[in-house]
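Numbers in this note's numbering are just positions in the sequence shown, counted from 1, shifted up by 38.
We put the beta carbon where it would ideally sit given N, CA and C, even for glycine.
Remember, it's a predicted structure, so these values are computed and weren't measured experimentally.
For reference, the structure discussed in these notes is given below.
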Amino acid sequence: MTTVLTEHLHAGAFIVSEEEGLYSRDQITISNLTAKTPGTVLGKSGVPAAETATVAADTGNVGTGALVMDATAPIAATAIDGVYEVILRATGATASFDVIDPNGILVDAGLVGTTFNNQIKFLLSSAGTMTIGDRWFVTISRPVGTGDTWDALNFTAVNGLQIVAGILFGDVDLGAGSQAATAIVRTAQVRLADLTWPAGATAAQIAEGVNQLRRLGIIVR
């Protein structure tokens with residue numbers, strides 16, 4: 039009788055290259071309610087209650103518009119730590135504006151006088167004049183030691199897990215909560231054939247996931 043042996047993908051086997059000094063890796067807290075293997079594409083969900091939002095108008099603004107964060111739920115679980123930029127695209131009391139996330143990616147467009155609610159929630163009001171090109175900066179930050187919870191990428195999630203944040207380095211065994219793990223989160227090259235995507239992922243979803251990895255500096259070969 040012939041015995042077939044299948045080699046399990048070992049830790050980091052999906053990596054083509056990474057930066058020196060473990061720069062490409064971060065320690066994370068990951069859910070272990072399901073077992074995971076090296077190369078699993080990951081998302082992360084934040085802790086909005088522990089985060090703060092600080093608003094600053096650009097010193098070169100010409101108009102007198104005011105941006106005020108929502109008093110109840112200014113930060114969604116999908117928000118990214120860093121600086122969001124709000125840029126007026128027209129002049130007028132109901133002018134359009136764009137919101138750019140900390141990675142330089144367009145979140146969505148909005149209108150002056152209408153509450154914006156996508157990752158961050160705020161109202162940009164006309165306080166007399168609104169001038170094209172004026173901008174505001176919204177900085178999302180958290181106390182030291184307050185981290186995200188990571189899990190396998192989930193295209194149907196609405197808490198941040200639907201956005202690619204990294205790749206699992208080693209195994210995660212089945213457990214009852216969460217555990218420490220290592221992830222590749224920046225500046226690396228990886229093999230597409232060794233990555234694990236959500237079951238049923240379409241070619242278009244994988245292509246978008248690869249694009250999100252590229253924005254992190256992770257190039258898929």
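Between the CA atoms of residue j and residue i - distance to the nearest angstrom
| i | j | result |
| --- | --- | --- |
| T110 | E58 | 43 Å |
| G166 | T129 | 11 Å |
| V100 | N156 | 26 Å |
| V258 | F154 | 34 Å |
| D108 | V202 | 27 Å |
| V150 | G84 | 28 Å |
| T116 | S62 | 23 Å |
| S55 | A133 | 46 Å |
| M168 | V79 | 43 Å |
| G185 | T67 | 8 Å |
| E246 | A147 | 21 Å |
| T90 | T225 | 28 Å |
| G238 | N197 | 20 Å |
| D189 | L199 | 7 Å |
| N249 | A242 | 11 Å |
| D139 | R253 | 12 Å |
| Q103 | A95 | Gln is not the amino acid found at residue 103; the sequence shown has Gly there. Rounded to whole angstroms, G103 to A95 spans 9 Å at the Cα level. |
| G30 | N192 | Because residue 30 is not part of the residues shown, which for the chain are 39 to 259, the question remains open. |
| G77 | V106 | 41 Å |
| T152 | S69 | 37 Å |
Helix, strand or coil at residue i [DSSP, three-state]
| i | result |
| --- | --- |
| D64 | strand |
| V42 | coil |
| N249 | helix |
| D189 | strand |
| E89 | coil |
| E57 | coil |
| Q200 | coil |
| V254 | Residue identity check: residue 254 is Leu in the sequence provided, not Val. Reduced to three states, the DSSP call for L254 is coil. |
| Q157 | coil |
| I222 | strand |
| D139 | coil |
| G118 | Note that residue 118 is Ile in the sequence shown, not Gly. Three-state DSSP puts I118 in coil, outside helix and strand. |
| L230 | helix |
| I113 | strand |
| I244 | helix |
| V100 | coil |
Rounded distance between the beta-carbons of residue j and residue i, thought under 8 Å
| i | j | result |
| --- | --- | --- |
| L126 | D172 | 5 Å |
| S216 | T187 | 6 Å |
| T75 | L47 | 6 Å |
| V176 | V210 | In fact, because the Cβ distance is near 34 Å, the residues do not count as touching under 8 Å. |
| I158 | D119 | Going by Cβ atoms, the distance from I158 to D119 rounds to 12 Å, so no, they are not a contact pair. |
The segment 192-206 contacting the segment 216-226, beta-carbon criterion three pairs below 8 Å: yes
Inter-stretch contact at 8 Å, needing at least 3 Cβ pairs: the segment 46-58 / the segment 229-237: yes
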